[in-house]
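Scroll down for the structure; my scribbles are underneath it.
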Amino acid sequence: MSESELAVIKPEALKAYIWLQCFDGSIQQVDEEVAIFCPMICREIVKNGTGSSKNHAITLPQRVNPASLSLILDYCRFHQVTGRSNKERKSFDEKFVRIETERLCELTSAADSLQLKPLVDLTSRALARIIEGKTPEEIRDIFHLPDDLTEEEKLEPLKNINDDPRIRLLNRLYAKKRKELQERHERQKLKDVQVQKEQKDERSLDELLCFINGDGGSGGGKATKSKKKNKRRKDHAKNPPKADSEPANAEGAACVVPCKVDSSNVSRLPCQNPDIQDDVEYPFEDADLDDGLDPAMKEELDREVEDFARRLNSVWNDSHIGGNGSVQRFPGFNHR
Amino acid sequence: MKRAGGPTSAVDRLSALPEELLHVILSFLPAPLVVQTSLLSRRWRRLWRSTPLIKIDEQDFGISTKIRASTLEGRWAKFEDFATNLLLFHDNTSALGGFRLRCQVYNWRHVDRWIRRGIEYCPSVLQIELVGHVPGFKLPPMLESNFRCLKRLRLTHIILNSHFTGSLCSACPVLEDMNLSYCEFCDICPQGIISPKLNKLVMEFCSNNTRYPLVITAPSLTYLCLSFGNFLAGILLCKMDSLVKAKISVPEDEISEENQRELLGSLCNVTSLELIGFEAEVMLNENPDEFRIFHNLRTLGLHSCFLNGYELTDKLEALGSFLQNAPCLEKLSLQYCMFYSFSDSEWEIERKNITLPRHDGKILRCQKLKLIEVIYDHDHDHQLIELVWSLGRSLPDANIKLNKIDRFPP
Numbered sequence: 001m002s003e004s005e006l007a008v009i010k011p012e013a014l015k016a017y018i019w020l021q022c023f024d025g026s027i028q029q030v031d032e033e034v035a036i037f038c039p040m041i042c043r044e045i046v047k048n049g050t051g052s053s054k055n056h057a058i059t060l061p062q063r064v065n066p067a068s069l070s071l072i073l074d075y076c077r078f079h080q081v082t083g084r085s086n087k088e089r090k091s092f093d094e095k096f097v098r099i100e101t102e103r104l105c106e107l108t109s110a111a112d113s114l115q116l117k118p119l120v121d122l123t124s125r126a127l128a129r130i131i132e133g134k135t136p137e138e139i140r141d142i143f144h145l146p147d148d149l150t151e152e153e154k155l156e157p158l159k160n161i162n163d164d165p166r167i168r169l170l171n172r173l174y175a176k177k178r179k180e181l182q183e184r185h186e187r188q189k190l191k192d193v194q195v196q197k198e199q200k201d202e203r204s205l206d207e208l209l210c211f212i213n214g215d216g217g218s219g220g221g222k223a224t225k226s227k228k229k230n231k232r233r234k235d236h237a238k239n240p241p242k243a244d245s246e247p248a249n250a251e252g253a254a255c256v257v258p259c260k261v262d263s264s265n266v267s268r269l270p271c272q273n274p275d276i277q278d279d280v281e282y283p284f285e286d287a288d289l290d291d292g293l294d295p296a297m298k299e300e301l302d303r304e305v306e307d308f309a310r311r312l313n314s315v316w317n318d319s320h321i322g323g324n325g326s327v328q329r330f331p332g333f334n335h336r
Numbered sequence: 001m002k003r004a005g006g007p008t009s010a011v012d013r014l015s016a017l018p019e020e021l022l023h024v025i026l027s028f029l030p031a032p033l034v035v036q037t038s039l040l041s042r043r044w045r046r047l048w049r050s051t052p053l054i055k056i057d058e059q060d061f062g063i064s065t066k067i068r069a070s071t072l073e074g075r076w077a078k079f080e081d082f083a084t085n086l087l088l089f090h091d092n093t094s095a096l097g098g099f100r101l102r103c104q105v106y107n108w109r110h111v112d113r114w115i116r117r118g119i120e121y122c123p124s125v126l127q128i129e130l131v132g133h134v135p136g137f138k139l140p141p142m143l144e145s146n147f148r149c150l151k152r153l154r155l156t157h158i159i160l161n162s163h164f165t166g167s168l169c170s171a172c173p174v175l176e177d178m179n180l181s182y183c184e185f186c187d188i189c190p191q192g193i194i195s196p197k198l199n200k201l202v203m204e205f206c207s208n209n210t211r212y213p214l215v216i217t218a219p220s221l222t223y224l225c226l227s228f229g230n231f232l233a234g235i236l237l238c239k240m241d242s243l244v245k246a247k248i249s250v251p252e253d254e255i256s257e258e259n260q261r262e263l264l265g266s267l268c269n270v271t272s273l274e275l276i277g278f279e280a281e282v283m284l285n286e287n288p289d290e291f292r293i294f295h296n297l298r299t300l301g302l303h304s305c306f307l308n309g310y311e312l313t314d315k316l317e318a319l320g321s322f323l324q325n326a327p328c329l330e331k332l333s334l335q336y337c338m339f340y341s342f343s344d345s346e347w348e349i350e351r352k353n354i355t356l357p358r359h360d361g362k363i364l365r366c367q368k369l370k371l372i373e374v375i376y377d378h379d380h381d382h383q384l385i386e387l388v389w390s391l392g393r394s395l396p397d398a399n400i401k402l403n404k405i406d407r408f409p410p
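Residue numbers (the UniProt record's numbering), protein chains in the order written: chain A, 1 to 336; chain B, 1 to 410.
Spelled out as structure tokens, the structure:
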């Protein structure tokens, strides 16, 4: 082709370009106005003068892979045009984030390293929308998260975080309350022998569960069923007085919370099984009780923490937000 | 969303994101879900405890102002448990990114406790929104040192006493952005908002229930929005030297005329001004020496102004006297001004024919004004035509653009 033809065919030879180099060595040529939409690239151009030629391409951070880069450039190319309406931009954004979750994660990372905050927010929101409304299992599935928490950890998230003096107090309280309850139950057991009584206890367990979980509706029936199998064990821990005085409830509940996988019949958390609690709590029972806290503060903490003990775990084990009643899904409770 | 391939080939890209990004993602999730992420995997176990944003919203627990008392009681118990413990178990107690609370005051003690705890974490962004019928909730007295990081503050339905306004000055050295909605200034002594670094101030539907004028001194303020509210006791702006943009709307009879004039006068440095509800008496500048010159004013927007029963010529005279003090004005916008218009034409007195008078020749001096935009929704009685005619004759150098925008879209 003759030079004049070239000039006609490629008028954009007059435009300014920026050269960008990914970590893998590939170099891309981009319109300047598109590239400077990214703060990090803009800074490189202004401060270090790089990017103006192929030999002096701007080296992009490692987290920007070529696929993400091309998406980011698409984003910049669209948004750097000033005439667009908010509606148009929003519409573009919505379509833009409809990509595979893996790509979305990579894109978020790349946008962050280029300091393109609007895109970071957009992609983060999209990831949040994916996470919202799903059970932990589904989330692990979608994002390929390792299922590396042990059963106990899933059920008692607090147990292993014992660097907090309040947590230590709490664990001590667990032990203390359980002991008290056991003693009380021993005394009561002497009194009631009938199955009737036990069933009554069971109902009060349901009431307790209702109280804890707020809406006992859907889970109530199922709970009764599953409880029958471990009735004995449960008797230890439940037997709560009515929901009158808070500390009393906390007692019953404190033992209710930590829970063991009970094969396939668990439909409602927290069910309880003292075994695990025993195992883990023993180390703490003989722990030094003097935390260096003065008695007044101890008492206040006592009160707060004992209520908190069951409640926090009940909230954490309650995997449905908003109480839609679908209680079947709990972490680690895949039908074994 | 099950993958067909083996799970071993899948990479966990989500958890590989840096912690700050995971926190950004968590910031878009409701608080109960944030806590539940601790069940996902080891990486996520403690993430919720260090997230920089604590959001407590009663809506996450199904609480609203519309549910029955019996339901509310149960749900509030759950909500309170969660909120109290969420605050108790947060890691970052020295400089929280943001603390947001939105709830009714179903139990005063609980809400007070949460606010205390939240503020104790020295947040950079503090947002307290009380909803429903709020029986006069005052902020708990706080240590001033807790406000040292505060950059943005947003309060809704709170009573502000002199303790609060006093500490704004000394205790909030980096406060840039303040938004008060439905707040009341109450106290027996005069109150003022004095803030050296405040950049943006929005006050909507606030009221001054002290017996003294509320004085706002904010030398760094660039944007001011004063929207309705009861300021019969007065409101004064001092030292608004940096002010660039202002939007003031005065409801009828809730700010005295003199106060309105004073307000206008203190805005003379702005570049862009939006006035809502101002009347001719305020704008009319009988004594030219007294009125301040708006040296920088480029854009003036009037909304629902000049609706009193004066003649159109008088109204335009008042407007003209204001325009003459804005030598650099380039654009004027009149939205629903000068005449009432009702969609229901029953209320109109029909004038079958009108006469457009030859103007008395008084041309308003506003040399740079090139564009006048008139926004209207209904024109009965030919009032729009009269307005446009008169505008055209008094400001002959400006183009007039007509725009019909329905106030209440059907």
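Note that beta-carbon positions come from the ideal geometry of N, C-alpha and C, so glycine has one too.
Under 9 Å between the Cβ atoms of residue i and residue j?
| i | j | result |
| --- | --- | --- |
| B/PHE322 | B/LEU384 | no |
| B/CYS186 | B/THR210 | yes |
| B/LEU232 | B/SER256 | yes |
| B/ARG298 | B/SER272 | yes |
| B/GLU176 | B/ILE158 | no |
| A/THR101 | A/PHE37 | no |
| B/THR222 | B/ILE194 | no |
| B/ALA326 | B/LEU284 | no |
| B/ASN85 | B/GLU120 | no |
| B/SER41 | B/SER15 | yes |
| B/LEU395 | B/ILE363 | yes |
| B/CYS305 | B/PHE278 | yes |
| B/LEU180 | B/CYS149 | no |
Where do the ends of the alpha helix (DSSP H) carrying residue i lie?
| i | result |
| --- | --- |
| B/MET283 | 280 to 283 |
| A/GLU137 | 136 to 143 |
| B/VAL24 | 19 to 27 |
| B/GLU317 | 312 to 323 |
| B/SER15 | 13 to 16 |
| A/ASP121 | 117 to 131 |
| B/ARG154 | Run containing B/ARG154: none in the alpha helix (DSSP H); it sits in the beta strand (DSSP E), 152 to 156. |
| B/HIS110 | 108 to 120 |
| A/ILE45 | Premise fails: A/ILE45 is in no alpha helix (DSSP H) and is neither H nor E. |
| B/HIS163 | 162 to 171 |
| B/ASN85 | 69 to 88 |
| B/GLY229 | That residue, B/GLY229, is in no alpha helix (DSSP H); it is neither H nor E in DSSP. |
Check for me: the beta strand (DSSP E) holding residue i runs from which residue to which?
| i | result |
| --- | --- |
| A/CYS76 | Not the beta strand (DSSP E): A/CYS76 falls in the alpha helix (DSSP H), residues 66 to 79. |
| B/LEU101 | 98 to 103 |
| B/TRP44 | Taken as a continuous stretch (DSSP letters only), B/TRP44 belongs to no beta strand (DSSP E), as it is neither H nor E. |
| residue 453 of chain B | Since the first residue of chain B shown is 1 and the last is 410, residue 453 of chain B is not available in this structure. |
| B/GLN36 | Run containing B/GLN36: none in the beta strand (DSSP E); it sits in the alpha helix (DSSP H), 31 to 36. |
| B/CYS238 | 235 to 238 |
| B/VAL202 | 200 to 204 |
| B/VAL131 | Looking at the DSSP string, B/VAL131 is not in any beta strand (DSSP E), and its letter there is neither H nor E. |
| B/GLN383 | Unbroken run through B/GLN383 is the alpha helix (DSSP H), 383 to 394; no beta strand (DSSP E). |
| B/SER304 | Segment: none, B/SER304 is in no beta strand (DSSP E) and carries neither H nor E. |
When the cut-off is 9 Å and only beta carbons count, does residue i lie next to chain C?
| i | result |
| --- | --- |
| B/GLU20 | The structure shown contains no chain C; its protein chains are A and B. |
So, for residue i: in the same chain, excluding its five sequence neighbours on each side, which residues have a beta-carbon less than 6 Å away from its beta-carbon?
| i | result |
| --- | --- |
| B/GLN335 | HIS303, ILE375 |
| B/VAL125 | GLY98, ARG152 |
| B/LYS331 | THR299, LEU371 |
Kindly list the residues whose CB is nearer than 7 Å to the CB of residue i, restricted to its own chain and excluding five residues on each side of it in sequence; keep chain order.
| i | result |
| --- | --- |
| B/ASP112 | PRO140 |
| B/SER220 | PRO196, LYS197, LEU198, ASN199, SER242 |
| B/LEU264 | VAL282 |
| A/GLY322 | Note on A/GLY322: pLDDT 37, under 50, position unreliable in the model; no value is reported. |
| B/ASP314 | ALA280 |
| A/LEU71 | LEU107 |
Contact between the region 93 to 111 of chain B and the region 50 to 67 of chain B: three or more CB pairs below 8 Å? yes
For the region 12 to 21 of chain B against the region 106 to 124 of chain A, are there 3 or more C-beta pairs whose distance is under 8 Å? yes
Under 8 Å, with one C-beta from each stretch per pair, do the region 17 to 36 of chain A and the region 63 to 77 of chain A reach the 3-pair mark? yes
Segment contact, 8 Å Cβ cut-off, at least three pairs: the region 77 to 85 of chain A with the region 120 to 139 of chain A: In the pairwise beta carbon analysis, the region 77 to 85 of chain A is classified as not touching the region 120 to 139 of chain A: fewer than three pairs are separated by under 8 Å.
Ranges of the alpha helix (DSSP H) found wholly within the region 75 to 112 of chain A, counting only runs of at least 4: 86 to 96
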